[in-house]
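A.B. asks: Quick note on my numbering: the sequence shown kicks off at 459 and runs consecutively.
Just so it is clear, CB atoms sit at the ideal spot from N, CA and C, and this is done for glycine as well.
Keep in mind the model is a prediction, meaning the values are calculated, not measured.
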Amino acid sequence: MTMRMDFNNMLKERIGAQGISLESIEKLNHQIAKANKAMVDKRTAGKMAWRDLPYNQKEVVTEIEQYVNEMKNEIDAFVVLGIGGSALGPMAVQQALNHPFYNELPREKRNGFPKLYVLDNVDPERLVYFFQTVDPTRCLYNVISKSGSTSETMSQFMIVQKLLEEKLGKEGAKKRIVCTTDASSGNLITIAKGEGYKYFIIPSAVGGRFSELTPVGLLPAAFCGLDIKGLLEGAAQMDALTKGEGQDDIFKNSPHMFALLHYMGMMTGKNITVVMPYADSLKFISDWFAQLWGESLGKQFDNEGNIVNVGQTPVKALGVTDQHSQVQLYAEGPYDKIVVFVGVDEYRETITIPKTYADMPSLGFLGGVTHNDLIKTEQAATEYALTKAGRMNMTLTLPKVTAQTLGQLLYFFEVATAFAGELLNIDAFDQPGVEEGKNATYAMFGRPGYEEKKAELEAAPAKDSQYII
459 MTMRMDFNNM
469 LKERIGAQGI
479 SLESIEKLNH
489 QIAKANKAMV
499 DKRTAGKMAW
509 RDLPYNQKEV
519 VTEIEQYVNE
529 MKNEIDAFVV
539 LGIGGSALGP
549 MAVQQALNHP
559 FYNELPREKR
569 NGFPKLYVLD
579 NVDPERLVYF
589 FQTVDPTRCL
599 YNVISKSGST
609 SETMSQFMIV
619 QKLLEEKLGK
629 EGAKKRIVCT
639 TDASSGNLIT
649 IAKGEGYKYF
659 IIPSAVGGRF
669 SELTPVGLLP
679 AAFCGLDIKG
689 LLEGAAQMDA
699 LTKGEGQDDI
709 FKNSPHMFAL
719 LHYMGMMTGK
729 NITVVMPYAD
739 SLKFISDWFA
749 QLWGESLGKQ
759 FDNEGNIVNV
769 GQTPVKALGV
779 TDQHSQVQLY
789 AEGPYDKIVV
799 FVGVDEYRET
809 ITIPKTYADM
819 PSLGFLGGVT
829 HNDLIKTEQA
839 ATEYALTKAG
849 RMNMTLTLPK
859 VTAQTLGQLL
869 YFFEVATAFA
879 GELLNIDAFD
889 QPGVEEGKNA
899 TYAMFGRPGY
909 EEKKAELEAA
919 PAKDSQYII
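#1: Where does residue 527 fall in DSSP's three states?
#2: Which one of 602, 914, 506 has the shortest CA to CA distance from residue 536?
#3: Where does residue 569 fall in DSSP's three states?
#4: DSSP beta-bridge partners for residue 478?
#5: What three-state label does DSSP hand residue 742 in the structure shown?
#6: Applying the 10 Å Cβ sphere with the 16-neighbour rule, what's the burial state of residue 739?
#7: Which same chain residues end up closer than 7 Å to residue 609 when comparing Cβ atoms and leaving out the 5 residues on each side of it in sequence?
#8: Does the region 774-782 come within contact of the region 697-711, defined as at least 3 CB pairs closer than 8 Å?
#9: Keeping to the same chain, check which residues put their C-beta closer than 7 Å to that of residue 507; ignore five residues upstream and five downstream.
#10: Helix, strand or coil, according to DSSP, for residue 564 in the structure here?
#11: As an exercise, report each continuous alpha helix (DSSP H) stretch of at least 4 residues that is fully enclosed by the region 823-888, in chain order.
#12: Judging by CA-CA distance, which residue of 849, 684, 688 is the nearest neighbour of residue 862?
#13: If I'm right that residue 693 touches residue 523 with Cβ under 8 Å, what's the distance once you round it to whole angstroms?
#14: Taking all protein chains shown into account, decide if residue 823 is buried (16 or more other Cβ within 10 angstroms of its Cβ) or exposed.
#15: Could you check what DSSP says for residue 521 in three-state terms: helix, strand or coil?
#16: I'd like the span of the beta strand (DSSP E) that includes residue 535, first residue to last.
#17: Expressed to the nearest angstrom, what Euclidean distance is found between the alpha-carbon atoms of residue 499 and residue 568?
#18: Alpha carbon to alpha carbon, how far is residue 619 from residue 551?
#19: Looking at the secondary structure, which residues open and close the alpha helix (DSSP H) in which residue 690 lies?
#20: Which stretch, first to last residue, makes up the beta strand (DSSP E) that contains residue 462?
#21: State buried or exposed for residue 638, treating a residue as buried only when at least 16 other CB atoms are found within 10 Å of its CB.
#22: Excluding the 5 residues flanking residue 504 on each side, which residues of the same chain have their C-beta closer than 7 Å to its C-beta?
#23: Whole angstroms is fine: what's the gap from residue 586's alpha carbon to residue 877's?
#24: Expressed to the nearest angstrom, what Euclidean distance is found between the alpha-carbon atoms of residue 650 and residue 644?
#25: Is residue 538 near residue 600, with beta carbons less than 7 Å apart?
#26: On a Cα-Cα basis, can you pick out the residue from 734, 751, 837 that is closest to residue 871?
#27: With a Cβ-Cβ cutoff of 7 Å, do residue 913 and residue 847 count as a contact?
#28: Closest by CA to residue 831, which one among 547, 736, 616?
#29: Excluding sequence positions up to five away, which residues of its chain have a Cβ less than 6 Å from the Cβ of residue 479?
#30: With DSSP as the reference, identify every bridge partner of residue 772, one or two as the case may be.
#31: Can you tell me the Cα-Cα spacing of residue 819 and residue 825, whole angstroms?
#32: Residue 577 by DSSP, collapsed to three states: which one?
#33: For residue 874 and residue 716, which I take to be in contact (beta-carbon distance under 8 Å), what is that distance rounded to the nearest angstrom?
#34: Cβ-heavy atom distance between residue 607 and the ligand FMN below 6 Å?
#35: Quick one: grab the DSSP three-state call for residue 814.
#36: Anyone know if the C-beta pair for residue 886 and residue 879 falls short of 7 Å?
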């Protein structure tokens, strides 16, 4: 089963003046070829190490599966301490592939696997209430930080470590902490080795938002009984579509075409992309995509150091829920959006509406209809309405939500993001805007080495009280 992309409704022939013409695509052939060559060259040079993950994680998968079998019966919950890609990816995969009320199911209906919690914020109420909800000594805490200096994650870790050592002693606490980090650099690998914690490695050349197919995502998924081999197989299947004929013909390379159409949209003021799955299982894919697309493409400088301030704002929506909260804006508001529907051919369950009010025309028509048909029909109707209004939209369709098709979708978005970066002539793999905020935080807390930044902050003009009302 292979996902597919329908981009008819991006074209001028379908939506009129706001659409893209085939001639305008042909005019970009040189730029497309240049971007494609850069993708190949960077992969060959090891600068896109995430593209090798579908093939080089076999030993890691074996180690993960052995560790899960060793630990799963000793714990009630697997707890992710991470932020950004370290949290969004595990949440998206769990929501997609497991029962939507997985944590509420009795253990036997979870096939003996522990619950999953992802603690990705430092709201002071979060950990306190969590510890009131579970037995913290019956949890396995997965600390995920490549650098080991992520303030949010490491602060959580230090709180958890202290609590466990108080309740279980150092030896007992050791069995309740597992780290996912870089092999040689950073604080966390030093701590893990020094304390004797079990640890898994994030390949050094793989950035956080591209790390879902490393132990960052594979370990939490495996502890929830998910098919991590299937995820990698699906990613490999999508990778195959970008090779051979797909390597040079963008009309046979769906991730590259997705990127190109969005790039062309950006060039005509389409500065927002809305990802709108019509499946609750794919709801958090939009959250994961938002970081991937926004953090990768939102850049002040191009590769030559010119100020360009490029990027596209990702917006998450859910069909049909957000037909009742957002679609009015998409249909009649500014022409500044591309809507990406994500549909499913076959849902995992079927439910039929009873023929209860046959004498009421406004309700009777629903009798005997399945929710499966209703959600698909509403997706098609929303697509039609946006197309009629001349609004750019496209559809990604998964035959069924499985580990393989989800792996395809994750890898699709990663390749599309990288190719869009090449078209925009920016570095899609750094995040200087994020670092500025991190550095300011370090300075405010007096972290050594950030004295100059602290002085800069202290020299900033004070806020005017008259504008605080």
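C.D. replies: Reading it off the structure:
#1: Reduced to three states, the DSSP call for residue 527 is helix.
#2: Here the closest residue by C-alpha is 602.
#3: In this structure, residue 569 counts as coil in the three-state DSSP scheme.
#4: Answer is 469, bridged to residue 478.
#5: Of the three classes helix, strand and coil, the one that applies to residue 742 here is coil, per DSSP.
#6: The C-beta of residue 739 has 16 or more other C-beta atoms within 10 Å across all chains shown, which makes the residue buried.
#7: Leaving aside the five residues that flank residue 609 on each side, the residues in its chain whose CB is nearer than 7 Å to its CB run, in chain order, 899.
#8: These segments do not touch.
#9: Cβ neighbours of residue 507 beyond the five flanking positions: 661, 663, 664.
#10: Residue 564: coil per DSSP, three-state reduction.
#11: Inside the region 823-888, DSSP marks whole alpha helix (DSSP H) runs of 4 or more residues at positions 829-846, 861-882, from first to last along the chain.
#12: For residue 862, the closest C-alpha among the options 849, 684, 688 is that of 688.
#13: Not quite, the Cβ-Cβ distance comes to about 18 Å (not below 8 Å), so this is no contact.
#14: That one is exposed.
#15: Here DSSP, grouped into helix, strand and coil, assigns residue 521 to helix.
#16: Run containing residue 535: 535-539, per the beta strand (DSSP E) assignment.
#17: Distance from the CA atom of residue 499 to the CA atom of residue 568, rounded to whole angstroms, is 44 Å.
#18: One alpha carbon belongs to residue 619, the other to residue 551, and they sit about 27 Å apart.
#19: Segment 686-699, the alpha helix (DSSP H) holding residue 690.
#20: Unbroken beta strand (DSSP E) run through residue 462: 462-464.
#21: The residue is buried, with at least 16 neighbouring Cβ atoms inside 10 Å.
#22: Excluding sequence positions up to five before and after residue 504, its CB lies within less than 7 Å of the CB of 663, all in the same chain and listed in chain order.
#23: About 43 Å.
#24: Taking C-alpha positions only, residue 650 is separated from residue 644 by approximately 11 Å.
#25: Yes, the pair counts as a contact, with Cβ atoms nearer than the cut-off.
#26: Nearest of 734, 751, 837 to residue 871, Cα basis: 751.
#27: By the CB criterion at 7 Å, residue 913 and residue 847 fall outside the cutoff.
#28: Per the C-alpha coordinates, the member of 547, 736, 616 positioned closest to residue 831 is 736.
#29: Closer than 6 Å at the Cβ level, and outside the excluded window around residue 479, lie 470.
#30: Residue 772 is bridged to 731.
#31: Distance from the CA of residue 819 to the CA of residue 825, rounded to the nearest whole angstrom, comes to 10 Å.
#32: The answer is strand: DSSP assigns residue 577 an E or B state.
#33: 4 Å between Cβ atoms; contact.
#34: In the structure on display, the ligand FMN does not appear, and there are no ligands present to speak of.
#35: Here residue 814 sits in coil by DSSP.
#36: Residue 879 is positioned such that its CB atom lies closer than 7 Å to that of residue 886.
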